[in-house]
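These protein sequence lines are chains B and Z, in that order. Heads up: the first sequence is residues 152 to 248, going by the working numbering. Heads up: the second sequence is residues 1034 to 1405, going by the working numbering. Even glycine gets a Cβ: it sits at the ideal position worked out from N, Cα and C. Nothing here was measured: the structure is a model prediction, and the numbers come from that model.
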Amino acid sequence: MAVSFVIPGTLRELAGNRSEVRVDGAAGSLSDALSRLWAECPAVRDRVLTERGDVRPHINIFIDGENSRYAGGLAAPVRDGAEIMLIPAVSGGAVRA
Amino acid sequence: MPVARHISPNAGDVVLLVGTMKGAFLVRGDKQRRSWEVGGPYFPGSAVYATAYDNRAGRHRIWAGPNSMHYGGMLHSTDDFGQTWTNPEEANVKFPEGTDAALKQIWQIVPGRASEPETLYCGVEPAALFVSRDAGETWSLVEGLWNHPQRPQWQPGGGGLCMHTILLDPERPKQIRIAISTGGMYVTEDGGASWRPSNKGVRAEFLPDKHPEFGQCVHKVAQSRQKPERMFLQNHWGLYRSDDRGESWTDVANGVPSDFGFPMAIHPRDPDSAWIVPLESDMFRCTPEGKLRVYRTRNAGEAWQPLSNGLPQEGAFETVLRDGLTADTLDPAGVYFGTRGGKLFASADEGEQWSMIADGLPPVISVKTAIV
């Protein structure tokens, strides 16, 4: 089984210019899933976590649409096949072409 | 994201490294310091409190410490004046395990002495000193300061608990002075293993004991390269001079409209000359009377002269932050400052005449100079 990570535009260059990264392995906690993402995209890690291992305060991680902050944080459960979105908090907007 | 415009400096040009709340800019001036062009923005959206130019060992390297509200901060460098920047995979300045701390902001980058061209120093928030011995590839925490028994009593100032000043003594290779808001100034005489406070005479208006051993809200300190015992200090209320390398401080707020302010720049050759930008008060951190004035002393603080030629003198409620004022090393010295209103001013004659060389920048946090 696999878990899919949706990578925000500002970090895609550090993820091989991918907007979605699928990582294989058994589901478990968010921390487990992130560890597999770091193995695939090591440069993303320090942009999402502090050196204390905390999720940066202005990064939200949604698991199947639910904000992980209110679902157990890094211990939040992740099901097989889950979609995990990394989203800069209260951000967005782009210049219209 | 905006597309950066690049500068192409010639040998001998002045380049200003301008850090703002929304990115960094490189501003090139010709040798006469009359015409200017603006490059950038670099790191758009990130606050750039710290920049530095490293010309040791044949380098033309610019360092910047942008901090993204979302993704944190790390050090980046460019060897081609901003056309390409390093983008480290891992954060290069970070607290080691066991400290229970996380980097909030990079406040200061200082290349080491000429005799140690691979050494750099970095001051951060929460207040700590990092050192690199491999030209910025890897960094380590200076444990001697981090483990100082007074550190738990340092309190954050309005800008956070920041280490904003790093002074390498030009004559004594083991002496380094740092300043923290609010912890005060500290000095090491053994290269960083041990530290002691060095604030005798500096007031702390916000404490019951107005003259504590440490805990002053020092805003900026400058040390003369020609006469290292001469130092100037801009405090959170208080303007000081030292003639003994900071062992004691004398109030020299003689003739200034306020002794509150942030920046302090010392003349590159004359130890009696320095520049400041007084602000009205900590409750109203703007230039007094709506007049943008730089003050200069030529006699070690016995008197300060307002310098306003070319600066707005009406409705100019500007703020110049602690790293927002600097001087170059040319003769006569060029003086430069940026405001929170996004204006950048330059003087090619030590402050006699000013001109605005950029406007509409994001709020300016820091200005450094390089002669390339």
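| request: Using a Cβ-Cβ cut-off of 7 Å, state whether ILE210(B) counts as contacting chain Z. | output: Yes, contact with chain Z.
| message | Rounding to the nearest angstrom, what Cα-Cα distance links ARG187(B) and ASP175(B) in this structure? | response | Linking ARG187(B) to ASP175(B) through their CA atoms gives a straight-line distance of about 8 Å.
_Per DSSP, the bridge partner or partners of MET236(B)_ = Answer by DSSP bridge pairing, in chain order: VAL157(B), PHE213(B).
Q) Would the beta-carbon of THR201(B) fall within 7 Å of that of ALA1135(Z)? A) Yes, they are a contact pair.
Quiz prompt | Opposing strand residues paired with LEU1162(Z) [DSSP bridges] | solution = Answer is GLY1156(Z), bridged to LEU1162(Z).
Worksheet item: Which residues in the same chain as PHE156(B) place their Cβ atom closer than 6 Å to its Cβ, once the five residues preceding and following it in sequence are excluded?
Response: By the criterion of a C-beta distance shorter than 6 Å, PHE156(B) is surrounded in its chain by VAL172, LEU188, ILE235, once the five residues flanking it on both sides are discounted.
Tell me, please, whether the segment 1230-1247 of chain Z touches the segment 1293-1313 of chain Z by the rule of three or more beta-carbon pairs shorter than 8 Å.
-> Touching, no, given that fewer than three Cβ pairs across the two stretches are closer than 8 Å.
- Task: Mind checking who THR1117(Z) pairs with in its DSSP beta bridge?
- Result: None, per the DSSP bridge assignment.
- prompt: Quick one: what's got a C-beta closer than 6 Å to PRO1365(Z)'s C-beta in the same chain, skipping five residues either side?
  reply: Hits under 6 Å: ASP1382, GLU1383.
**Study point:** Beta carbon of THR1402(Z) nearer than 7 Å to that of THR1359(Z)
**Key:** The answer is yes: Cβ separation under 7 Å.
Give a yes or no on whether the minimum CB-CB distance between TYR1219(Z) and chain B is below 7 Å.
For TYR1219(Z), the closest Cβ of chain B is not nearer than 7 Å.
Can you name the residues of chain B whose CB is closer than 8 Å to the CB of GLY1105(Z)? In chain order: ASP197, ARG198, THR201, ARG207.
Applying the criterion that 16 or more other CB atoms from any shown protein chain within 10 Å of the CB defines a buried residue, is THR1171(Z) buried or exposed? That one is exposed.
Less than 8 Å between the CB atoms is what I'm expecting for GLY1062(Z) and ASP1046(Z), so what's the real figure, rounded?
Between GLY1062(Z) and ASP1046(Z) a beta carbon distance of about 6 Å is seen, short of the 8 Å cut, so the two are scored as contacting.
Original post:
Taking just the CA atoms, how far does ALA153(B) sit from GLY1193(Z)?
Top reply: Annotation: GLY1193(Z) to ALA153(B) spans about 42 Å, alpha carbon to alpha carbon.
Beta carbon of GLU1204(Z) nearer than 7 Å to that of PRO1230(Z): No, the Cβ-Cβ distance between GLU1204(Z) and PRO1230(Z) is not below 7 Å.
- When DSSP builds the beta bridges, which residues end up paired with THR1283(Z)? Per DSSP, ARG1274(Z).
Buried or exposed (CB count within 10 angstroms, at least 16 for buried), ARG1038(Z) | Within 10 angstroms of the beta-carbon of ARG1038(Z) lie fewer than 16 other beta-carbons, which makes it exposed.
Practice problem: Starting from ARG1210(Z), trace the beta strand (DSSP E) both ways and give me its first and last residue. | Solution: Membership of ARG1210(Z) in the beta strand (DSSP E) is indicated by the continuous run 1209-1214.
**Message:** When you compare the segment 1064-1071 of chain Z with the segment 1096-1113 of chain Z, are there three or more beta-carbon pairs, one atom per stretch, that lie closer than 8 Å?
**Reply:** Contact fails: fewer than three Cβ-Cβ distances are below 8 Å.
Next on the checklist: Is ALA178(B) close to chain D? Criterion is C-beta to C-beta, closer than 7 Å.
Outcome noted: Of the chains in the structure shown, none is chain D; the protein chains are B and Z.
Checklist entry - Going along chain B in order, which residues have a C-beta closer than 8 Å to the C-beta of LYS1055(Z)? => result Result: empty, since nearest Cβ-Cβ is about 14 Å, beyond 8 Å.
> Taking the beta strand (DSSP E) that ALA1080(Z) falls in, what are its first and last residues?
Replying inline: 1080-1087 is the extent of the beta strand (DSSP E) around ALA1080(Z).
Given ASP215(B) as reference, the closest of PRO193(B), LEU162(B), GLU191(B), ARG230(B) once Cα atoms are compared:
The shortest C-alpha separation from ASP215(B) is found at ARG230(B).
Requested in this report: Please compile the residues from chain Z whose C-beta is within a distance smaller than 7 Å of the C-beta of ALA194(B).
Outcome: The contacting residues are GLU1122.
Residues of the segment 210-239 of chain B in Cβ contact with chain Z at a cutoff of 8 Å, in chain order, please.
Those would be ILE210, PRO239, in chain order.
| Quick one, which of HIS1244(Z), ASN1232(Z), THR1320(Z), ILE1404(Z) has its alpha-carbon nearest LYS1253(Z)'s? | Across the set HIS1244(Z), ASN1232(Z), THR1320(Z), ILE1404(Z), the C-alpha of ASN1232(Z) shows the shortest separation from the C-alpha of LYS1253(Z).
So is SER1257(Z) buried or exposed if we call it buried at 16+ other beta carbons inside 10 Å?
Buried.
Check: Any idea which residues DSSP pairs PHE1265(Z) with across the strands?
Finding: Bridge partners of PHE1265(Z): ALA1255(Z), ARG1274(Z).
Inter-residue Cα distance where the pair is LEU1377(Z) and LEU181(B): Taking the straight line from one Cα to the other gives about 47 Å.
Requested in this report: Could I get the ranges of all uninterrupted alpha helix (DSSP H) runs contained in the segment 164-206 of chain B, with 4 residues as the minimum, in chain order?
Outcome: Taken in chain order, the unbroken stretches of alpha helix (DSSP H) that lie wholly in the segment 164-206 of chain B and span 4 residues or more are 181-191, 193-199.
Checklist line | Unbroken beta strand (DSSP E) run spanning GLY1191(Z), endpoints | finding: It is not in any beta strand (DSSP E) - GLY1191(Z) carries neither H nor E in the DSSP assignment.
*Can you find a C-beta in chain B that's less than 7 Å from the C-beta of LYS1137(Z)?*
Under the Cβ criterion of 7 Å, LYS1137(Z) is not counted among the residues facing chain B.
Would you say LYS1324(Z) lies against chain B (beta-carbon separation less than 7 Å)? Taking 7 Å as the CB threshold, LYS1324(Z) stays off the interface with chain B.
Quiz item: Is THR1362(Z) closer than 7 Å to PRO1301(Z) when the C-beta atoms are compared?
Solution: Result yes, Cβ atoms of PRO1301(Z) and THR1362(Z) sit closer than 7 Å.
Taking Cβ-Cβ distances below 9 Å as the criterion, which residues of the segment 1085-1102 of chain Z are in contact with chain B? Taking 9 Å as the upper bound on Cβ-Cβ separation, chain B lies near residues SER1101, MET1102 of the segment 1085-1102 of chain Z.
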